[in-house]
Amino acid sequence: MEDCLFCKIVEKELPSYIIYENDKILAFLDIKPITNGHTLVIPKKHSTDMTEMSDEEASELINKAKELIPKIVKAVGAKGANFATNCKSESGQDVFHTHFHIIPRWDQKELPPWPHSNPSKEELAEVKNNIVSFLKE
Ligand code: AMP
Ligand code: ZN
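As structure tokens, this is what we get:
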């Protein structure tokens, strides 16, 4: 896709620090890593975010990430990793080509904890009912 940064990385029109590649998937270092070894795993075929991918393509990508996570963690001497993807700009997505972040972690202090809220049982039940009714559609 024209003007897509990660398509250009796939095509090798832009440089990147590739750690793994096969015919469908590319994994390369994030250029502004949150932690050492921060890696992006992407499908070579363009999609804006993972909700656009076929089940098969998404499974292959996640399975490859699952394989890479412990290897990256070991390689950089970390203890664990965050595995995340952003869908749509409101979530913080900046590059609109599907990518999964693998962020090695040593302890919980590298990133602020998620700002959990404390809803009532009634509020949780209302949210649950709303989502369940959408899932039935
Ligand atoms: P997101 O906010 O989920 O869209 O994440 C996009 C990520 O891509 C950010 O963590 C950026 O640091 C990273 N990024 C942007 N440009 C490049 C690039 N040329 N090579 C590697 N990573 C990049
Ligand atoms: Zn793209």
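Under the numbering used here, the letters of the sequence shown match residues 204 to 340, in that order. Ideal placement from N, C-alpha and C gives every residue a C-beta, glycine not left out. This structure is a prediction, so every number in the text was calculated from the model and none was measured.
Give the range of the beta strand (DSSP E) segment to which P307 is assigned.
From DSSP, the beta strand (DSSP E) with P307 extends over 303 to 308.
With three or more C-beta pairs closer than 8 Å as the rule, is the stretch 212 to 220 touching the stretch 268 to 279?
No: fewer than three Cβ pairs fall under 8 Å.
Would F209 pass as a contact of I245 if the rule is Cβ separation under 8 Å?
Their beta carbons are under 8 Å apart, which means F209 touches I245 by this criterion.
Give me, in chain order, the residues of the same chain whose beta-carbon lies closer than 6 Å to that of Y220; leave out the 5 immediate sequence neighbours on both sides.
These residues qualify, in order along the chain: F231, L232.
Counting pairs of Cβ atoms below 8 Å between the stretch 292 to 300 and the stretch 250 to 258, do you hit three or more?
At 8 Å Cβ cutoff, the stretches touch.
Just confirm the distance between the C-beta atoms of K247 and I228, as a whole number of angstroms; I'd bet it's less than 8 Å.
That belief holds up - the Cβ atoms of K247 and I228 are roughly 7 Å apart, short of 8 Å.
Would I306 and A284 qualify as a contact pair, given that the criterion is a beta-carbon distance under 8 Å?
Against a cut-off of 8 Å, the Cβ pair of A284 and I306 comes out as a contact.
S323 to N333, Cα distance in whole Å?
Using only the alpha carbons, I get a separation of about 16 Å.
Below 8 Å CB to CB, which residues in the same chain sit around E313 once its five sequence neighbours on both sides are set aside?
Cβ within range, chain order: I237, T238.
Report yes if the C-beta distance between W309 and K282 is below 8 Å; otherwise report no.
Taking 8 Å as the Cβ cut-off, W309 and K282 qualify as a contacting pair.
Do H302 and L243 have their CB atoms nearer than 8 Å?
Against a cut-off of 8 Å, the Cβ pair of L243 and H302 comes out as a contact.
Using 7 Å as the cut-off, classify the Cβ of G240 as near or not near the heavy atoms of the ligand AMP, replying yes or no.
No, the Cβ of G240 stays beyond 7 Å of every heavy atom of the ligand AMP.
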